[in-house]
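As structure tokens, then:
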């Protein structure tokens, strides 16, 4: 007589069993690259504060093959983070306007517009100053 | 319209005989308009009377027939055989102990549901003679979707955080807490917070979102939980900055 | 069940995630990817250029805010990911990741103040 059966769950591999879990894990792993990139930027700013020689060594590493690869992978993950963050925003903060629920798609679209405006503004601001 | 023969691979488990579950295959001639529940009923009626499972309304309102069908949590009465290939694997809901065949033990959920006090906690309770509580359409629309929960537990079956930690209060219970917290007639939010805002409450959720994807009634428990996180975070910092606020909250006057 | 203290880190996580969603892609382009992809001249990242860009205290303050929030966002999310990948020692994991974020924050503050 065994009683109720508890099915085992793989603590490490559960997310490989369904596409939706894989997409979730990709979203979560984005933070590994994003967090790493923050540490790289902080290191860069620290080297910048130390002086031209220290900074030049950092910059050479950043623009070397490993640095470029990491940066580009992080860019892809950052874009995926943006995409997944915007999509869930209407769920976390539902909006009611004139007695009606604002459709999620409208909220998401507004976020993308804001994203484009901010990105262009920052780009122009930084490049105009001679970045 | 001829019947399509579909092979149903169904999990069997007899607690008196079996150490572990096994799969048993049945060939079922399925009518074009059948749902998986019809096929399971056919198996029980015609092929194997020992098969145990729960069902009732056959119209996706009672929440009894939740199962995992070809890997996806679904209501057996809501899963049309024509949408599936010739082989269909049917298992009991994930993350619950298997009592027998397709029947799971849902005591854990019932305990959690009770713990979030899923009933109206009114500020000035009225008797029937005093008349109805008044509520506008706008006030109703804020929480109406969360009233649709039929406690079918597909969300618990899909939730990986519940799979990894069964102390997690879970999507349906938290969505129902939210249903009452958002109800303009209710002032019980602080009474529910000890469970809702605990570590195994909303904070165990990592917004996988699988719960909302599998919900047959479009309750969107993931949304309910994220909204509760924002509200609880606001509460936390406001309570810290204004400690006297907590006292006000207990008499129910400080609601969302 | 007691009310959790998670709101502290979750607040940082949510703020950092929002900031990251809006500014991180363009920030990555401006800080390395742009040069790598040929959208910006290599001179844009050189010492003199960057130092002149960061002279204004407001620029450095905003940059601190942005990097600080995104750093803590990543630290919290990675804590959850460790749990998702089967590492059960949550208190240890949280301590390690938040300590890294804390040290990073301190280093960032030191660097930005030294760039005055």
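Residue numbers (our numbering), protein chains in the order written: chain X, 177 to 307; chain E, 1361 to 1616; chain B, 4 to 119.
Backbone N, C-alpha and C define an ideal beta-carbon position, used for all residues, glycine too.
Since residue 200/X meets chain D, which of its residues come closer than 9 Å, beta carbon to beta carbon? Among the protein chains in the structure shown, which are X, E and B, there is no chain D.
Is any beta-carbon of chain X found at less than 7 Å from that of residue 1458/E? yes
Residue 1429/E bridges to which residues according to DSSP? 1432/E and 1450/E
Quick check on residue 97/B - is its C-beta less than 7 Å from some C-beta in chain X? no
Is residue 261/X near residue 29/B, with beta carbons less than 7 Å apart? Cβ distance not < 7 Å, so residue 261/X and residue 29/B don't count as in contact.
When DSSP labels each residue in this structure, what does residue 1523/E get in the three-state scheme? helix
Segment limits, alpha helix (DSSP H) that includes residue 10/B: 9-31
Does DSSP put residue 331/X in a helix, a strand or coil? This structure cannot speak to residue 331/X, because chain X is shown only from 177 to 307.
Residue 1546/E bridges to which residues according to DSSP? According to DSSP, residue pairing for residue 1546/E in a beta bridge involves 1482/E.
Classify residue 68/B as buried or exposed, calling it buried when 16 or more other Cβ atoms lie within 10 Å of its own Cβ. In this structure residue 68/B is exposed. Its beta-carbon is surrounded by fewer than 16 other beta-carbon atoms within 10 angstroms.
Exposed or buried, what is residue 1365/E when buried is set at 16 or more other beta-carbons lying within 10 Å of its beta-carbon? exposed
If contacts are defined as beta-carbon pairs under 8 Å, then residue 81/B and residue 206/X qualify, I think. What distance do you get, rounded to the angstrom? Residue 81/B to residue 206/X, Cβ: 10 Å. No contact.
Residue 1371/E (DSSP reduced to helix, strand or coil): strand
Is the segment 1579-1596 of chain E touching the segment 1528-1542 of chain E, taking contact as three or more C-beta pairs under 8 Å? As far as the Cβ criterion goes, the segment 1579-1596 of chain E touches the segment 1528-1542 of chain E, which means the pair count is three or higher.
Just to confirm, are residue 107/B and residue 224/X a CB contact at a threshold of 7 Å? no
For the alpha helix (DSSP H) holding residue 1384/E, just list the boundary residues, first then last. Run containing residue 1384/E: none in the alpha helix (DSSP H); it sits in the beta strand (DSSP E), 1382-1390.
Where does residue 1477/E sit, in a helix, a strand or coil, going by DSSP? coil
Short of 9 Å Cβ to Cβ, which residues in the segment 1376-1391 of chain E face chain X? Answer set for the segment 1376-1391 of chain E: 1376, 1377, 1378, 1379, 1380 and 1381.
Sort out for me which residues DSSP pairs residue 1309/E with in a bridge. In the structure as shown, chain E begins at 1361 and stops at 1616. Residue 1309/E is therefore absent and cannot be evaluated.
Hey, would you say residue 1557/E sits closer than 7 Å to residue 267/X, going by beta carbons? No. Outside cutoff.
At what residues does the alpha helix (DSSP H) containing residue 1460/E begin and finish? Segment 1458-1460 is the beta strand (DSSP E) holding residue 1460/E; no alpha helix (DSSP H) there.
Along chain E, in chain order, which residues have C-beta atoms closer than 8 Å to that of residue 180/X? Going along chain E in sequence order, the residues near residue 180/X (Cβ under 8 Å) are 1375, 1457, 1458, 1459 and 1465.
Residues near residue 1567/E in its chain [Cβ-Cβ closer than 8 Å; skip 5 each side]: 1582, 1585 and 1586
Collapsed DSSP secondary structure at residue 276/X in the structure displayed: strand
With DSSP as the reference, identify every bridge partner of residue 1364/E, one or two as the case may be. 1390/E
To the nearest angstrom, how far is the alpha carbon of residue 1477/E from that of residue 1551/E? 8 Å
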